[in-house]
Each structure stands twice: as C-alpha cells, then as structure tokens.
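Chains Y, U, L and E, in that order, are what the protein sequence lines are.
Quick note, the first sequence lines up with residues 3 to 216 if you use this note's numbering.
Quick note, the second sequence lines up with residues 3 to 216 if you use this note's numbering.
Quick note, the third sequence lines up with residues 3 to 216 if you use this note's numbering.
Quick note, the fourth sequence lines up with residues 3 to 216 if you use this note's numbering.
In this text, a Cβ means the ideal position worked out from N, Cα and C, and glycines have one as well.
All figures in this text were calculated on a predicted structure; none of them were measured in a lab.
So the structure is just underneath, and the comments pick up after that.
Protein chains: 4
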Amino acid sequence: MMKALVLGGSKGIGKAIADSLSSIGCDVVATSRKEIDTANLSSVKKFIKKHKQTDILILNTGGPPPKTFSEVTEKEWQKYHNQLFLGFCLLLQKLKVQDGGYVFVITSGVIKEPNPRLVISSAYRLAFTAVFKLASKELAARKVSCVNIAPGLINTDRVKDLGNASEMAKNIPMKRLGEPREIGDFIKSIVQNKIKYLSGVTIPFDGANSNFVV
Amino acid sequence: MMKALVLGGSKGIGKAIADSLSSIGCDVVATSRKEIDTANLSSVKKFIKKHKQTDILILNTGGPPPKTFSEVTEKEWQKYHNQLFLGFCLLLQKLKVQDGGYVFVITSGVIKEPNPRLVISSAYRLAFTAVFKLASKELAARKVSCVNIAPGLINTDRVKDLGNASEMAKNIPMKRLGEPREIGDFIKSIVQNKIKYLSGVTIPFDGANSNFVV
Amino acid sequence: MMKALVLGGSKGIGKAIADSLSSIGCDVVATSRKEIDTANLSSVKKFIKKHKQTDILILNTGGPPPKTFSEVTEKEWQKYHNQLFLGFCLLLQKLKVQDGGYVFVITSGVIKEPNPRLVISSAYRLAFTAVFKLASKELAARKVSCVNIAPGLINTDRVKDLGNASEMAKNIPMKRLGEPREIGDFIKSIVQNKIKYLSGVTIPFDGANSNFVV
Amino acid sequence: MMKALVLGGSKGIGKAIADSLSSIGCDVVATSRKEIDTANLSSVKKFIKKHKQTDILILNTGGPPPKTFSEVTEKEWQKYHNQLFLGFCLLLQKLKVQDGGYVFVITSGVIKEPNPRLVISSAYRLAFTAVFKLASKELAARKVSCVNIAPGLINTDRVKDLGNASEMAKNIPMKRLGEPREIGDFIKSIVQNKIKYLSGVTIPFDGANSNFVV
C-alpha cells in the first residue's frame with residue numbers, strides 16, 4: 003500500500019486529490035494547516051520529523067491575498083516566501099520520497115502568465131518551479147517522478163474569494179471553471195497506471211484559457 | 003461506445019494508444035499508412051470522406067529522416083510540410099470530432115528544444131502546435147479537449163533508427179527510454195475519467211530530460 | 003563598407019531598417035516585391051543567383067490576410083508556407099552571409115502568443131523561428147549573429163489594415179503603437195557597436211504588451 | 003543629462019554598463035557593495051533614502067556560490083532571497099524612476115534553463131523576472147521601459163570562479179565567452195536612440211548557446 007501525504011488536503015484541490023488517491027487504496031494523510039503550515043518553518047520541520055518518508059508527496063498550499071506589485075509589504079514578501087517557496091524546499095530536501103514514488107506540486111497558471119493582482123504567487127510559485135525542475139533530475143535517479151500541475155480557474159473557495167466566478171467562467175474558452183475532481187483523477191491515473199516517464203514537466207490545467215504557444 | 007481514430011496505429015506509440023483505448027471499450031480504428039498517409043493530401047481527403055466523424059482523434063505520424071538544416075532539399079520541405087502539418091490541418095478542419103470528444107496530437111520534444119538533426123520535425127511539428135493551440139480554443143465551445151503530447155525518447159523502432167538506444171538512455175535522468183504503454187495509458191486515463199479541463203496544453207513526456215523551466 | 007540586403011525594404015519596418023543601416027554607411031539594397039517575392043520560389047532563386055552574398059541579411063515580408071483556423075484554404079496554406087517559411091529557408095541555405103555578418107528576421111509577437119485571427123502567421127513564422135534557432139548555432143561558427151525580432155503592434159500600414167489602430171493602442175500598456183524607427187535603430191545599434199554575442203535569440207518588441215513570463 | 007544608478011558597477015558587466023553610459027554623457031553613479039548590498043535590506047533602504055530617484059536604474063548583483071539543490075541551507079535561501087529578489091523589489095517599489103526612464107535588470111540564462119549547480123540563482127532570479135514583467139506593465143504608463151538581460155557565459159571574474167573558462171567556451175556555438183562591453187553597448191544604444199517600445203522583455207545574451215525555441 004502506498005502512503006500519500008497531501009498538504010492542504012482538507013478542502014479544494016487538495017481534498018479532491020486525497021479522495022482520489024484513497025479510492026485506489028493509498029494510505030492517505032490529508033493535512034490541514036493545523037498539521038503543517040508551510041508559512042511557519044518550525045511547523046514544517048516538526049512535520050518532517052514526524053513523517054520522515056512517504057511514497058507520494060503532494061505539495062499544495064493556499065494562495066496569498068490579491069495584491070499588485072506596489073502594494074506588497076516587506077513582511078508579506080517574507081511570509082509568502084516561506085509559505086510558497088521555502089517550506090516546500092525544506093520538505094523536498096528532507097522528507098524522503100521512497101524509490102519509485104511521486105511528487106506533485108500544485109502551483110498556478112500564473113507561473114507562465116503572471117497576474118498583476120497575484121504578484122506574490124506569480125513570483126514564488128515560479129521560483130519553486132525552477133527548484134522542482136532541478137529536483138526532478140536528481141530524483142529521477144531513484145525513479146521518483148515529479149509533476150507540476152498549474153491550475154487555471156478551478157471551482158474552489160479560493161477562486162470564489164477572488165471574484166465573481168460565473169463572470170470569470172464566461173471568459174474561459176470552456177465556459178466553466180475546472181472541477182477539483184478533474185485534477186484529483188488526473189493524479190490518481192498517473193499513480194494507478196504507474197506512469198513514471200512523465201517527469202520534470204509543468205502541466206497547465208485551464209480549459210484552453212492560456213495564450214502562450216508552448 | 004466512443005469511436006477512436008488512431009493514425010499511425012499499427013506500431014509504436016500509436017499502437018499503444020490504440021490498445022489502451024480498446025481496453026476501455028472504445029471502438030478503435032487503428033490506421034496504417036495504407037489507410038491514410040498524411041504526406042499525401044488526396045489520401046487524407048479520402049479518409050475524411052470515409053470516416054466523416056469520430057469521438058476521439060489521435061493525430062500521429064512517423065518522423066522524417068534525420069537531416070541538418072543545410073541538408074534539407076526543397077522537395078523534402080514540401081513533402082514533410084504535408085505529412086507533419088498540412089495533412090493534420092485538413093483533418094482538424096474537416097473531420098468532425100463530436101461534442102465532448104478529444105483530440106490528441108503526438109508531436110515531439112523537439113517542439114520546445116529544436117534538434118539540429120531533426121530540423122524538419124522541429125519546424126513543422128511546432129507550426130502545427132500553434133494551429134492546435136488556436137483550434138483548442140475554438141473546439142472548447144463544443145467541449146472538445148485538445149492535448150498535445152511531446153514525447154522525448156520512447157522505446158520505438160523510430161528511436162532505434164535514430165541511433166544507439168541504450169547509449170541515448172544513459173544521458174536521460176531516468177536512465178531509460180519511455181515505454182509506449184505509458185503514453186497509451188496516459189491518454190486512456192484522461193478519456194476514462196472524463197477529464198476535460200486539460201486542454202490547449204503541451205505535455206512533454208521525457209523522463210525529466212528537458213532543460214527549460216516551463 | 004558592409005552590404006545589407008533588406009527584404010520588404012520599401013515601406014514599414016523594412017524601410018526603417020534600410021534607412022537606419024544607410025545612416026551608418028552600409029551599402030543597402032532595399033527590395034520590394036518586384037525584386038523578390040518570397041511567395042514565389044523562382045523569384046527567390048533568381049534573387050539568390052543575382053546577389054550571391056551579403057554582410058547583413060534582413061528577412062522580412064508582409065503578413066497574410068486575417069483568417070481564423072477554420073477559414074484557411076489549402077491553397078492559402080501552400081502560398082504562405084512559401085512566403086513566410088520556405089522562401090526564407092532557401093535564402094538562409096543558399097545566400098551566403100559573410101563571416102562576421104548578421105541575419106535578422108522580422109517575425110511577429112504571434113510566435114509566442116498565437117492570434118486566432120492570424121493563424122497562418124502564427125504557424126509559419128513560428129516554424130521559421132525553429133529553423134532560425136538551429137541555423138544560428140551553425141552560423142555561429144563563422145561569427146554570424148542571428149536575431150529574431152518579434153514585433154507587437156507597430157505603426158505601419160499593415161497594422162492599420164488589421165483594424166482601428168488608436169483603439170488597439172489603448173489596450174497596450176504603453177498606450178501607443180511602436181514606431182518602425184525604434185526597430186530600425188535597434189538593429190543599427192547592434193551592427194554599429196559590433197555586438198555579436200546576442201544570437202539565437204527572439205526579442206519581442208511590443209510595449210510591454212505580452213503576458214508570458216519569459 | 004540623465005542620471006544612472008548602476009548597482010554592482012565596480013567590475014564585470016556592471017562596470018561595462020557604467021562606462022558605456024558615461025560615454026554618452028549620463029551622470030553615472032556606479033556603486034559597489036559598500037554603497038549598497040542588496041543582501042542587506044537596511045543598506046538597501048539607506049540607499050533609497052539617499053538617492054530617491056534616477057532616470058536609469060541598473061539592477062545588478064553578483065551570483066551566489068555554486069550549490070546543488072540538496073546542498074543549499076535554510077540560511078542561504080534566506081540570504082539570497084534578499085540579495086537576488088527582495089532587495090530588487092524594494093528598489094523597484096521605492097526608488098523613483100523618472101517618467102521616460104529605463105530599468106534594466108541583469109539576471110542570467112539560468113532563468114530559462116535552470117542550472118543544477120546554480121539552483122539559488124535559477125530560483126530567485128526567475129522570481130524577480132516575474133515581478134519585473136508585471137512592473138513593466140505598471141511602469142509603461144509613465145513611459146518607463148523595463149528590459150531584462152539574461153547573460154550566458156560572459157568574460158568576468160564570476161565566470162572564471164565557476165570553472166575553466168576556455169574549456170567552457172569550447173561548448174558555446176560562438177567558441178568564446180561574451181564580452182561585458184557587448185552588454186554595456188547594447189544598453190547604451192537603447193538609451194541613446196530613445197528606444198522605448200522594447201519593454202517587458204527578457205533578452206538572453208549567450209552566443210547562440212541556449213536550446214529552447216522561444
């Protein structure tokens with residue numbers, strides 16, 4: 003039985019992933035901010051000490067409040083540097099993912115098309131994307147696959163907080179938000195079918211909404 | 003029952019996709035070059051007239067012979083323009099993919115990191131990638147999802163023709179070629195789980211071998 | 003004295019480049035469609051035979067009429083394949099750029115963010131971009147530098163034909179179209195200052211309008 | 003007379019930029035780590051208080067020591083987060099660049115092709131690239147142009163520290179390192195010719211060495 007640690011697993015995309023992995027018999031630990039808050043590095047270290055290892059690691063955390071570049075304070079940069087970048091780095095460095103395992107990180111479409119209102123997320127999630135790319139090459143030696151999922155607008159509380167969801171949906175080619183289940187099932191399928199060669203890759207998940215060519 | 007047309011379905015990646023879609027009960031038509039040769043536009047038109055529509059369309063064709071830029075002749079540009087680009091455009095324009103269906107195109111990692119020996123493929127598969135991106139936005143209105151799979155080195159006859167496969171494998175972080183089955187199962191899972199929001203996206207499939215960040 | 007061949011040099015961006023290179027003492031041949039029409043391959047071959055070599059080559063040609071993907075006919079694909087791709091390939095293969103020379107290609111911002119109304123240009127200019135990238139590596143051995151300029155909305159007849167220019171300008175962060183002179187002076191400066199290490203690169207030129215991160 | 007603040011202006015690329023801007027009559031303040039050390043945020047704040055405004059701002063700083071992902075300590079992440087990211091953010095937020103001015107940031111080719119030995123730089127320079135892209139859109143309203151220069155291997159002390167320079171040069175298509183002067187002259191030309199429409203753009207400067215297509 004594969005053990006899966008799902009950060010931010012109590013709601014939204016994280017919960018959908020936890021449910022989906024449970025459905026194929028994984029031993030899922032779905033954590034909320036009480037168990038691990040990546041903005042708080044001692045919480046991260048305690049978590050690493052407690053869990054030590056896993057077969058599947060899902061790096062996932064909520065997004066910062068909407069801010070334009072000129073509005074972000076030094077304190078906010080520091081806080082979200084921990085939450086979106088440094089906490090994940092420590093986990094990836096120190097929590098052992100077993101040979102043949104998987105790491106998925108849930109980032110955001112803003113890593114390819116940065117969003118003026120989401121400047122913090124655009125910067126730090128992208129920084130982690132670079133680290134994750136390099137880590138995927140190191141981890142490949144132990145047959146660990148690393149996949150970066152970059153969701154567009156998904157039907158979660160987070161997106162509802164960002165504005166009028168049904169209005170946003172109209173501007174997406176698919177005329178709807180994505181369902182958390184779609185991402186959960188996507189990850190489940192990769193694990194279930196032992197697809198390993200898909201690694202070191204960023205996968206936008208956005209209903210054909212992005213505009214860059216590749 | 004969903005109907006699937008798999009071009010180049012008699013061997014390699016195409017065959018793996020055909021097998022995988024059959025295993026979940028799709029009605030698969032796996033074509034060889036006898037049924038449709040995308041280098042030959044009248045063959046393409048005949049094929050469109052015969053099949054008219056499908057639920058799942060797999061655009062897949064063999065690669066051109068290795069050539070550096072200075073070696074490619076005018077005649078070769080013309081031939082592979084048909085095979086890798088124009089034939090696919092006609093299919094996408096005229097063969098109806100039913101509402102809620104899927105189009106997958108199998109391109110190559112060279113669309114993001116062009117390869118000096120594979121200049122023809124680097125150019126025309128990338129041109130089609132641009133068309134496919136735009137088509138994904140049009141097709142989204144009818145809930146058709148479009149996914150571009152860009153394989154790295156996969157264990158097929160094609161790759162064996164390109165050189166010493168076990169030598170090539172050593173330079174890949176995963177120390178092996180990909181298996182056609184991994185791509186077949188990947189596509190199967192998307193269809194089986196009705197994952198639709200993944201569209202307008204290019205997915206490198208290369209064992210963590212590529213070097214670009216996103 | 004350096005010889006410069008400027009295709010499409012009778013108006014717009016091409017003319018600005020021709021003027022700018024003249025101003026620093028280059029021997030400029032600014033061609034119009036009468037001297038070379040890249041849509042017509044025999045015209046291209048005649049041009050190569052006549053000129054044989056140059057120090058600076060500016061690959062530049064008008065854009066196709068606006069068309070969405072479903073509207074493009076087979077004949078149009080063929081025509082613009084010649085005009086935007088194959089004609090340039092033949093020139094790059096057969097017209098000798100002297101050691102220490104320069105090749106600039108003027109493409110378009112649509113190569114990174116394909117435009118639904120400009121599908122032909124999005125596809126073939128991108129295909130040439132792949133070829134040009136690979137050629138830059140071959141030509142580097144002879145100290146020839148290759149730079150791809152990808153203009154956004156520039157104040158030319160072409161852009162006026164595409165729609166209401168002052169309306170378009172409002173949506174650009176810089177609130178104006180670019181001036182052809184800016185591109186002319188940019189190219190002039192590279193030549194004048196013997197900047198050679200800038201090669202194999204695509205430079206969007208768009209008033210901060212594009213949305214991709216890198 | 004335009005005022006230019008050049009960070010890291012006492013040697014290497016920064017010095018070449020300072021010299022080049024001086025040669026066209028700019029009033030250049032070339033700072034060394036004594037005047038401003040971006041790793042030290044109070045030094046950054048003092049610098050902002052002292053200078054308040056400029057016409058041209060060159061964001062430039064040395065690179066961190068080579069480290070692979072698993073080797074980087076928490077303390078190092080924190081330090082270089084300040085040096086490569088947060089210090090630059092504060093400068094861009096609080097030091098006024100006059101209307102019609104310029105901001106150039108000197109990053110690195112690793113922002114597009116992250117380097118396993120330069121993981122810190124790959125991450126934080128890329129994070130700043132996202133911020134800089136968004137800032138370019140805000141600053142465009144005041145006709146300030148923002149250009150990100152991403153050098154490959156340039157003939158500086160830094161590169162000599164990283165290894166055998168002449169050995170490295172052999173693997174570059176141009177068979178040499180770039181000269182700091184080439185970057186200095188490039189920036190000078192943009193200022194001198196009042197090229198403003200080039201903004202929100204990242205320009206690799208690497209002798210045709212990179213492998214991504216766009």
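- What in chain E is Cβ-close to Val105/Y, meaning under 7 angstroms? The contacting residues do not exist; Val105/Y stays about 13 angstroms from chain E at best.
- Taking only beta-carbon atoms, is Leu128/E less than 8 angstroms away from chain U? For Leu128/E, at least one C-beta of chain U is nearer than 8 angstroms to its own C-beta.
- Message: Helix, strand or coil for Ile15/E? Go by DSSP, reduced to three states.
- Response: Ile15/E: helix per DSSP, three-state reduction.
- Message: Rounded to whole angstroms, what is the Cα-Cα separation between Thr204/U and Lys135/L?
- Response: Whole-angstrom Cα-Cα distance: 20 angstroms.
- Task: Taking Asn213/L as the query, report the chain Y residues whose CB atoms sit under 7 angstroms from its CB, ordered along the chain.
- Result: The answer, in chain order, is Glu115, Asn213.
- Reducing DSSP to helix, strand and coil, say where Cys28/E ends up. Annotated three-state conformation of Cys28/E is coil, per DSSP.
- Message: For Pro182/Y and Gly14/Y, which I take to be in contact (beta-carbon distance under 8 angstroms), what is that distance rounded to the nearest angstrom?
- Response: So it is a contact: roughly 6 angstroms between Cβ atoms.
- Message: Under 8 angstroms, with one C-beta from each stretch per pair, do the stretch 125-145 of chain E and the stretch 122-136 of chain Y reach the 3-pair mark?
- Response: The stretch 125-145 of chain E is in contact with the stretch 122-136 of chain Y.
- Message: Using the three-state DSSP reduction, which class does Pro182/L fall into: helix, strand or coil?
- Response: The DSSP-derived three-state label of Pro182/L is helix.
- Message: So if DSSP puts Ala2/U in a beta bridge, which residue, or which two residues, is it bridged to?
- Response: No answer is possible for residue 2/U: it lies beyond the span of chain U, which begins at 3 and ends at 216.
- Query: Leu43/Y: which of Lys17/E, Pro67/E, Glu76/E sits nearest, CA to CA?
  - Reply: Minimum Cα distance to Leu43/Y is reached at Glu76/E.
- Give me the Cβ distance between Leu2/U and Ile50/U, rounded to the nearest whole Å; I'm assuming they're in contact under 8 angstroms. Chain U is shown from 3 up to 216; residue 2/U falls before or after that span and cannot be answered.
- Task: Assuming Lys52/E contacts Phe214/E (C-beta within less than 8 angstroms), just tell me the rounded distance between them.
- Result: Here Lys52/E is actually not in contact with Phe214/E; their C-beta atoms are around 40 angstroms apart, not less than 8 angstroms.
- Task: Using alpha carbons as the reference points, say which of Asn211/L, Asp208/L, Ala132/L lies closest to Asn117/U.
- Result: Checked all of Asn211/L, Asp208/L, Ala132/L; the closest Cα to Asn117/U is Ala132/L.
- Where Val99/L and Arg178/E are concerned, what is the direct C-alpha to C-alpha distance, given to the nearest angstrom? Cα-Cα distance, rounded: 20 angstroms.
- Message: Taking the beta carbon of Ala137/Y as the centre, do at least 16 other beta carbons fall within 10 Å, making it buried, or is it exposed?
- Response: Buried.
- Item | Interface residues of the stretch 138-150 of chain Y facing chain B [CB-CB below 7 angstroms] | Here the protein chains are Y, U, L and E, and chain B is not one of them.
- Query: Are Asp101/U and Val146/U closer than 8 angstroms when you measure CB to CB?
  - Reply: Closer than 8 angstroms, so yes.
- Query: Can at least three beta-carbon pairs, one atom from the stretch 149-163 of chain E and one from the stretch 20-30 of chain L, be found at a separation below 8 angstroms?
  - Reply: Counting Cβ pairs under 8 angstroms, fewer than three are found: no touch.
- Task: Tell me whether Lys98/U counts as near the ligand HEM, meaning its Cβ is closer than 7 angstroms to at least one heavy atom of that ligand.
- Result: Of the ligands one can find in the structure shown there are none, so the ligand HEM has no counterpart to examine.
- Message: Here's the rule I'm using: 16 or more other beta-carbon atoms within 10 Å means buried, otherwise exposed. How should Ile26/L be labelled?
- Response: With fewer than 16 Cβ atoms within 10 Å of its Cβ, Ile26/L is classed as exposed.
- Item | Distance between Phe71/L and Ile122/L (C-alpha atoms, nearest Å) | Roughly 8 angstroms separates the two Cα atoms.
- Message: If the criterion is Cβ atoms closer than 8 angstroms, does the pair Ala64/L and Gly154/L meet it?
- Response: The residue you asked about is not Ala; residue 64/L is Gly in the sequence shown. Not a contact, by the Cβ cut-off of 8 angstroms.
- Task: For chain Y, find out if any of its Cβ atoms is closer than 8 angstroms to the Cβ of Phe71/E; answer yes or no.
- Result: Yes, contact with chain Y.
- Query: Does the Cβ of Gly165/L have 16 or more other Cβ atoms within 10 Å, making it buried, or fewer, making it exposed?
  - Reply: By the beta-carbon neighbour count (other beta carbons within 10 angstroms, threshold 16), Gly165/L is exposed.
- Min CB distance Asp187/L to chain E below 8 angstroms: So, interface residue.
- Cβ shell of Ala41/L (< 6 angstroms), same chain only, five flanking positions each side left out: Excluding sequence neighbours, Ala41/L sits near Lys81, Asn84, Gln85.
- Message: Give me the DSSP bridge partner(s) of Leu193/E.
- Response: At residue 193/E the sequence reads Val, which differs from the Leu that was named. Answer is none; Val193/E lacks a bridge partner.
- Message: For a cutoff of 8 angstroms on Cβ pairs, would you count Val30/U as touching chain Y?
- Response: Chain Y, which has no Cβ nearer than 8 angstroms to the Cβ of Val30/U, makes this no.
- Message: For Val133/Y, would you say it is in contact with chain E, using Cβ-to-Cβ distances shorter than 8 angstroms as the test?
- Response: For Val133/Y, the nearest beta carbon of chain E is closer than 8 angstroms to its own beta carbon.
- Item | Neighbourhood of Leu200/U by C-beta distance below 8 angstroms, restricted to the same chain and skipping five residues each side | Annotation for Leu200/U: Ser147, Val149, Ile192 place their beta carbon closer than 8 angstroms to its own, counting only its chain and skipping 5 residues before and after.
- Can you find a C-beta in chain E that's less than 8 angstroms from the C-beta of Glu78/Y? Closer than 8 angstroms: no.
- From the beta carbon of Ile60/E, is the nearest beta carbon of chain L less than 8 angstroms away? No, Ile60/E lies away from the interface with chain L (no Cβ there is under 8 angstroms from its Cβ).
- is_contact[Ser124/U, chain L] using C-beta, thresh 8 angstroms: For Ser124/U, the nearest beta carbon of chain L is closer than 8 angstroms to its own beta carbon.
- Amino acids of chain E, ordered along the chain, whose beta-carbon sits closer than 9 angstroms to that of Pro118/Y: For Pro118/Y, the neighbours in chain E by C-beta distance under 9 angstroms run, in chain order, Leu136, Lys139, Glu140.
- At what residues does the beta strand (DSSP E) containing Tyr104/L begin and finish? Start and end: 98-108.
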